[in-house]
Amino acid sequence: AAALRFLNGHDAHATYGENLGEPDCPIPLTHFDWKKTRPPVVLDLWPMGDDAACQRFTTIATWHNRGKDLCFAGETYHWSKHLNFLSVADLPRCAGQALELGVEIDDQSALDTFHQHGWILTDPLAVSQDMQCYQEYIATSRGEFTVSKDVVVRTKSGWFSDRSVCYLAAGKPVVTQETGFSKFIPTGRGLFAFSSLAEACAALIAITQDYPAQARAAREIARTCFDATVVLTALLQNIGVI
């Protein structure tokens with residue numbers, strides 16, 4: 061009820077969930093005229109960098125969001141990434157790739173697990189406290205490896221991360237968990253969607269085999285799918301502003 065009251069106070073409603081309302085997604089588009097859009101990026105602010113000397117795939121995330129889980133149609137959906145991160149704990153060994161998480165793991169057992177499996181852990185605040193250090197962190201990364209929240213994965217919402225878009229714009233290949241976005245955004249070069257540890261491992265290996273081409277493909281996806289001029293013009297047209 062509180063959410064509906066909040067949303068009723070707005071004239072237009074937009075969502076990054078491009079697959080909402082589709083037959084393979086249980087979330088209906090009700091109450092409001094939701095306009096589907098994507099995270100926009102200003103390409104000029106993210107110069108291309110395909111330095112193969114950058115060794116680590118990185119990401120920045122919140123480990124465990126508490127108090128936001130949802131119950132819908134008899135299912136509980138977790139508004140958190142920690143369960144999906146745990147499912148790929150063995151990835152550094154599997155892929156032979158340096159992987160760094162900018163997360164604050166607040167569970168000692170999970171912390172031990174990630175240390176034992178060879179993950180590099182860093183303070184998320186230190187690499188995201190302002191735009192300059194955030195941009196530098198992405199620019200000095202080999203690419204991004206990340207998972208998504210349980211709720212957007214299991215509902216096949218089609219959601220895509222604005223952070224991942226920044227990696228793509230900087231020419232950094234992205235390996236991210238499938239949410240249904242691959243129905244709308246090209247994958248397989250520069251951007252990979254995975255649904256299992258084996259798929260994540262294969263994606264990282266494929267990037268390593270031809271890194272310069274994968275980096276160029278990442279930048280091209282940012283240009284063709286997320287350029288702010290195109291994305292925001294379409295959104296403003298859809299909501300009747302222009």
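Residue numbers (our numbering): 61 to 302.
Just so you know, even glycine gets a beta-carbon here, dropped at the ideal spot from N, CA and C.
Given a cut-off of 7 Å, decide if residue j and residue i are closer than it, judged by their beta-carbon atoms.
i, j, result
"residue 239", "residue 219", "yes"
"residue 141", "residue 299", "no"
"residue 200", "residue 114", "yes"
"residue 188", "residue 120", "yes"
"residue 103", "residue 229", "yes"
"residue 163", "residue 257", "no"
"residue 250", "residue 233", "yes"
"residue 226", "residue 198", "yes"
"residue 292", "residue 100", "yes"
Quick check on the burial criterion: 16 or more other C-beta atoms within 10 angstroms. Buried or exposed for residue i?
i, result
"residue 90", "exposed"
"residue 301", "exposed"
"residue 161", "buried"
"residue 69", "exposed"
"residue 267", "buried"
"residue 136", "exposed"
"residue 274", "buried"
So residue i and residue j are supposed to be a Cβ contact under 8 Å. How far apart are they, rounded?
i, j, result
"residue 236", "residue 217", "Rounded, the Cβ-Cβ distance is 13 Å, inconsistent with contact."
"residue 208", "residue 144", "7 Å"
So, at 6 Å on beta carbons, what are the nonlocal neighbours of residue i in its own chain, with the 5 sequence-adjacent residues on each side left out?
i, result
"residue 138", "129, 210"
Can you list, in chain order, the residues of its chain with a C-beta nearer than 7 Å to that of residue i? Leave out the 5 residues immediately preceding and following it.
i, result
"residue 244", "78, 218"
Taking 6 Å as the cut-off, is the beta-carbon of residue i closer than that to any non-hydrogen atom of the ligand SAH?
i, result
"residue 218", "In terms of ligand content, the structure shown is empty, and the ligand SAH therefore cannot be addressed."
4-residue-minimum alpha helix (DSSP H) runs that sit fully inside the stretch 227-279, ordered along the chain: DSSP runs (the alpha helix (DSSP H)) wholly in the stretch 227-279: 257-269.
Alpha helix (DSSP H) runs wholly inside the stretch 187-228, at least 4 long, in chain order: 191-199, 210-214
Any beta strand (DSSP E) of 3 or more consecutive residues that is wholly inside the stretch 89-130: 94-96
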